[in-house]
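Down below is the structure, laid out as structure tokens.
Protein chains: 2
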Amino acid sequence: MQFWYMETRPNISSQSIREARERIDHMVHRTPVLHSSAINELAGCDLFFKCENFQKVGAFKARGAANAVLKLSKKDRENGVATHSSGNHAAALARAAQVAKIPAYIVMPSNAPEVKKQAVKGYGGIVIECEPNLQAREQGLKDVVKEFGAIFIPPYDHLDVIEGQATCALEIFDAGYSLDTLLTPVGGGGLLAGTALAASFYSPNTKVIGAEPEGADDARRSFVAGYRIPMEKPNTIADGLLTSLGEINFNIISNHVQDILTVSDAQIISAMRLIYERMKIVIEPSCAVPLAVVLKNKSLFEGQKVGIILSGGNVDLSKLPFKTRTFNSVSRNHSSGSYFVGL
Amino acid sequence: MQFWYMETRPNISSQSIREARERIDHMVHRTPVLHSSAINELAGCDLFFKCENFQKVGAFKARGAANAVLKLSKKDRENGVATHSSGNHAAALARAAQVAKIPAYIVMPSNAPEVKKQAVKGYGGIVIECEPNLQAREQGLKDVVKEFGAIFIPPYDHLDVIEGQATCALEIFDAGYSLDTLLTPVGGGGLLAGTALAASFYSPNTKVIGAEPEGADDARRSFVAGYRIPMEKPNTIADGLLTSLGEINFNIISNHVQDILTVSDAQIISAMRLIYERMKIVIEPSCAVPLAVVLKNKSLFEGQKVGIILSGGNVDLSKLPFKTRTFNSVSRNHSSGSYFVGL
Numbered sequence: 018m019q020f021w022y023m024e025t026r027p028n029i030s031s032q033s034i035r036e037a038r039e040r041i042d043h044m045v046h047r048t049p050v051l052h053s054s055a056i057n058e059l060a061g062c063d064l065f066f067k068c069e070n071f072q073k074v075g076a077f078k079a080r081g082a083a084n085a086v087l088k089l090s091k092k093d094r095e096n097g098v099a100t101h102s103s104g105n106h107a108a109a110l111a112r113a114a115q116v117a118k119i120p121a122y123i124v125m126p127s128n129a130p131e132v133k134k135q136a137v138k139g140y141g142g143i144v145i146e147c148e149p150n151l152q153a154r155e156q157g158l159k160d161v162v163k164e165f166g167a168i169f170i171p172p173y174d175h176l177d178v179i180e181g182q183a184t185c186a187l188e189i190f191d192a193g194y195s196l197d198t199l200l201t202p203v204g205g206g207g208l209l210a211g212t213a214l215a216a217s218f219y220s221p222n223t224k225v226i227g228a229e230p231e232g233a234d235d236a237r238r239s240f241v242a243g244y245r246i247p248m249e250k251p252n253t254i255a256d257g258l259l260t261s262l263g264e265i266n267f268n269i270i271s272n273h274v275q276d277i278l279t280v281s282d283a284q285i286i287s288a289m290r291l292i293y294e295r296m297k298i299v300i301e302p303s304c305a306v307p308l309a310v311v312l313k314n315k316s317l318f319e320g321q322k323v324g325i326i327l328s329g330g331n332v333d334l335s336k337l338p339f340k341t342r343t344f345n346s347v348s349r350n351h352s353s354g355s356y357f358v359g360l
Numbered sequence: 018m019q020f021w022y023m024e025t026r027p028n029i030s031s032q033s034i035r036e037a038r039e040r041i042d043h044m045v046h047r048t049p050v051l052h053s054s055a056i057n058e059l060a061g062c063d064l065f066f067k068c069e070n071f072q073k074v075g076a077f078k079a080r081g082a083a084n085a086v087l088k089l090s091k092k093d094r095e096n097g098v099a100t101h102s103s104g105n106h107a108a109a110l111a112r113a114a115q116v117a118k119i120p121a122y123i124v125m126p127s128n129a130p131e132v133k134k135q136a137v138k139g140y141g142g143i144v145i146e147c148e149p150n151l152q153a154r155e156q157g158l159k160d161v162v163k164e165f166g167a168i169f170i171p172p173y174d175h176l177d178v179i180e181g182q183a184t185c186a187l188e189i190f191d192a193g194y195s196l197d198t199l200l201t202p203v204g205g206g207g208l209l210a211g212t213a214l215a216a217s218f219y220s221p222n223t224k225v226i227g228a229e230p231e232g233a234d235d236a237r238r239s240f241v242a243g244y245r246i247p248m249e250k251p252n253t254i255a256d257g258l259l260t261s262l263g264e265i266n267f268n269i270i271s272n273h274v275q276d277i278l279t280v281s282d283a284q285i286i287s288a289m290r291l292i293y294e295r296m297k298i299v300i301e302p303s304c305a306v307p308l309a310v311v312l313k314n315k316s317l318f319e320g321q322k323v324g325i326i327l328s329g330g331n332v333d334l335s336k337l338p339f340k341t342r343t344f345n346s347v348s349r350n351h352s353s354g355s356y357f358v359g360l
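Now the structure itself:
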């Protein structure tokens, strides 16, 4: 057992997550926890939403990237960092590098939207274009690492990144919530793995559950099978969750997560709308997956104290999936108010 | 002067606003104040956003309606309250009456959207339909008052309503912000008048400025002329600000407000987008008017501490005015994070 423990939590300890929180303190916000009595009523449980949509760069990814950059030795970091990504991790790494005053090389496919390249450049990142396929991206990354001596910081399959993401749940537990269950979305598994480790250290009675779109359910299938099954053709509105589960992530999740539950895109959109209308906050579709899971499985959570990590708020406002004004949605639209229960 | 003072602040005093805050405490949230370093950078000043979009019923109107209902004597209130409105005041009054366990009669034009009627009914309000013109609405209200003995609570031209709205600014000053300027949107003038009174009592060095759409600029024109000029054909995206300035409101505003500044609908939409993208919160267009005023008149506010009351968050999500994803807007979209500075 001790061996297994060592293997699944190497280098990450109760103490090291606390140290990570200290380390990244000047780079991230201690985000608020939001409460909505109207949504509680609908869900039949007491929900606590940790608002990482208010985080720097608009997503929890700021934590892991900051931790990974700051843990590099002075010598290691002097040639900069690199990754291949076009999502929140790219922006988060660029910003972490900017604060640390080192270069960040971000390999992006040549057909990536100009706006995403600009987001990275806005944080001082250096965009390296490559052919739009995985092989070219991986080769592009290798080339950058070789040419500049930059250190590769992957988006989730990395202990320092996972340790950084774990600081989010640490803040929840430090604020004194006695949660029965804590849910996060799962894509690559950085947030879920970090959250599960944090719960195992600080609140061992809290169950941790992953929430996943049906159209990108490799984590659920891997969790059930006991080995990693990569996602072939993911298809979901939750564009932050298209990636396949990482290896380190899978090992931690297998050992410390209670279950992984899935929901349809229609359920995700409905939960997303509820959060916009009742809580009056902007989130990206991936964020709505855990609430959709709770609403789909009410009996599982009945009467419980349930935490949900809202992972980010970077959404294309011109493409929100709210097509029609429905009878229900507008009577909902008069929020009964949400309030912040912790900072 | 003393006479003038009495006329413009009758019954409303430093003490009475505090008492109002106590009175409505079980009915409203103490809303948070939000801060965004990214928007500060763009605006060239230090902005503090008081988030009434997180208020009960999704708008500051909850305060005035609650105060007016609770100030009624037990005898006066037993036959219920009435108003003619289809906006946030209707929902706020219905809810205040529901909490006070008395009936609320809301006169609404027969062609009002079913969804708005449902919002009122959702709070237990009794919807009374009338022909869709002002005369019919006023007659409908008279009939209700006569038939049921209900007390008319107007949406803004009423001292108890103004006193209730003043509790919002009281919370800001009590939280210890030393604001140079405080801005609110102005429609009927309930929020602006209440805010101006609160500032005159609790923070006399804070200038209070009204923010108004060009397409509904009767408050600006009345303020300049020195007498009330009703709005004939208002036309603006800020649908909460279509009403003409009330009489009591005009008197208070004339005496305690520094200036009223206007902005175009394009400027309102641009400020609204900025708040969604950078602060990750949902607001209605009327809320964005004060930020638009600040961005249009940067030199006026340079280096100042500026408060803005975000008045509400009840917006039709299927009709958000964000048509295209622009280069700028998306690089903005990666928020540098917002944080809550007070609760």
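Residue numbers (the working numbering), protein chains in the order written: chain A, 18 to 360; chain B, 18 to 360. Note that CB positions come from ideal geometry on N, CA and C, so glycine has one too. Quick caveat: nothing in here was measured; it's all calculated off a predicted structure.
Proximity to residue i [Cα-Cα], best of the options
i      : options                           : result
T198/A : L209/A, G204/A and L334/A         : L209/A
N272/A : D234/A, A215/A, L291/A and N314/A : A215/A
F218/B : A186/B, K297/B and H46/B          : A186/B
R112/A : I179/A, I226/A, V132/A and K138/A : K138/A
I226/A : H175/A, P247/A and I269/A         : I269/A
A79/A  : S54/A, A99/A, M44/A and E58/A     : M44/A
Q182/A : F77/A, A305/A and C62/A           : F77/A
P171/B : L278/B, D256/B, T260/B and G75/B  : T260/B
N105/A : F339/A, G329/A and L337/A         : G329/A
N84/B  : N70/B, A114/B, P221/B and N96/B   : A114/B
H101/A : K133/A, E229/A and D42/A          : K133/A
D42/A  : V50/A, G75/A and L87/A            : L87/A
N128/B : A236/B, R154/B, V323/B and L110/B : R154/B
Interface residues of chain A facing residue i [CB-CB closer than 8 Å]
i      : result
K315/B : In chain order: nothing, as chain A lies at least about 21 Å away.
R80/B  : In chain order: nothing, as chain A lies at least about 12 Å away.
Under 7 Å by beta carbon: chain A residues contacting residue i
i      : result
V299/B : Y293, K297, I298 and V299
Under 7 Å by beta carbon: chain B residues contacting residue i
i      : result
G141/A : None at all; the shortest Cβ gap to chain B is about 12 Å.
N433/A : A question about residue 433/A goes unanswered here, because the residues of chain A that appear run from 18 up to 360.
R38/A  : Simply none; closest approach about 16 Å.
DSSP beta-bridge partners of residue i
i      : result
K250/A : K250/A pairs with nothing; no bridge assigned.
I229/B : Residue identity check: residue 229/B is Glu in the sequence provided, not Ile. In the DSSP output, where bridge partners are listed per residue, E229/B has T279/B.
F318/B : Beta-bridge pairing links F318/B to no other residue.
G329/B : A76/B
F169/A : A99/A
C147/B : P126/B
G204/A : Paired residue(s): none; G204/A is not in a bridge.
K224/B : T198/B
V323/A : L64/A and T198/A
I298/A : I298/B
A121/B : V98/B
Within chain B, the residues that residue i reaches when beta carbons sit closer than 9 Å
i      : result
L258/A : None at all; the shortest Cβ gap to chain B is about 18 Å.
R290/A : L334
G104/A : Result: empty, since nearest Cβ-Cβ is about 10 Å, beyond 9 Å.
Within chain B, partners of residue i - CB distance below 8 Å
i      : result
S340/A : Note that residue 340/A is Lys in the sequence shown here, rather than Ser. Within chain B, the residues near K340/A are S335.
G181/A : What G181/A touches in chain B: nothing, since even the nearest Cβ is about 15 Å away.
G324/A : Under the 8 Å cutoff, chain B gives no residues; its nearest Cβ is about 18 Å from G324/A.
Contact test: residue i Cβ vs the ligand GDP heavy atom, cutoff 7 Å
i      : result
A167/B : Judged by which ligands are present, the structure shown has none, so any question about the ligand GDP falls away.
Where residue i meets chain E, residues with beta-carbon distance less than 8 Å
i      : result
G193/B : Note that chain E does not occur in the displayed structure, where the protein chains are A and B.
Proximal chain A residues relative to residue i, where beta-carbon distance stays under 9 Å
i      : result
G204/B : Within 9 Å Cβ-Cβ: nothing; G204/B doesn't reach chain A, min ~18 Å.
**Report entry** Inside the segment 20-78 of chain B only - alpha helix (DSSP H) runs reaching at least 4 residues
**Finding:** Those alpha helix (DSSP H) runs which fall completely within the segment 20-78 of chain B and span 4+ residues are 31-40 and 54-60.
Query - Any 3 or more C-beta pairs closer than 8 Å across the segment 57-67 of chain A and the segment 137-155 of chain A - result: Touching, no.
Report task. Could you tell me whether the segment 164-172 of chain B touches the segment 115-127 of chain B, where touching means 3 or more Cβ pairs closer than 8 Å? Result -> With a cut-off of 8 Å, the segment 115-127 of chain B and the segment 164-172 of chain B count as touching, because enough Cβ pairs lie within range.
Query raised in the report: Does the segment 298-317 of chain B come close enough to the segment 200-209 of chain B to have 3 or more Cβ pairs within less than 8 Å?
Result: When C-beta atoms of the segment 298-317 of chain B are compared with those of the segment 200-209 of chain B, three or more pairs fall below 8 Å, so the two segments count as touching.
Query - the segment 239-246 of chain A / the segment 45-60 of chain A touching (three or more Cβ pairs under 8 Å) - result: With the cut-off at 8 Å, the segment 239-246 of chain A and the segment 45-60 of chain A do not touch.
Query raised in the report: Counting only runs that start and end within the segment 81-114 of chain A, where is the alpha helix (DSSP H) found for 4 or more residues in a row?
Result: You should have 91-94.
Report task. Answer yes if the segment 34-44 of chain B comes into contact with the segment 289-298 of chain B, meaning at least three C-beta pairs across the two stretches below 8 Å, and no otherwise. Result -> Cβ pair count under 8 Å is below three, so no.
Query raised in the report: Can we say the segment 308-315 of chain B touches the segment 280-290 of chain B, given the rule of at least three CB pairs closer than 8 Å?
Result: Yes, they touch.
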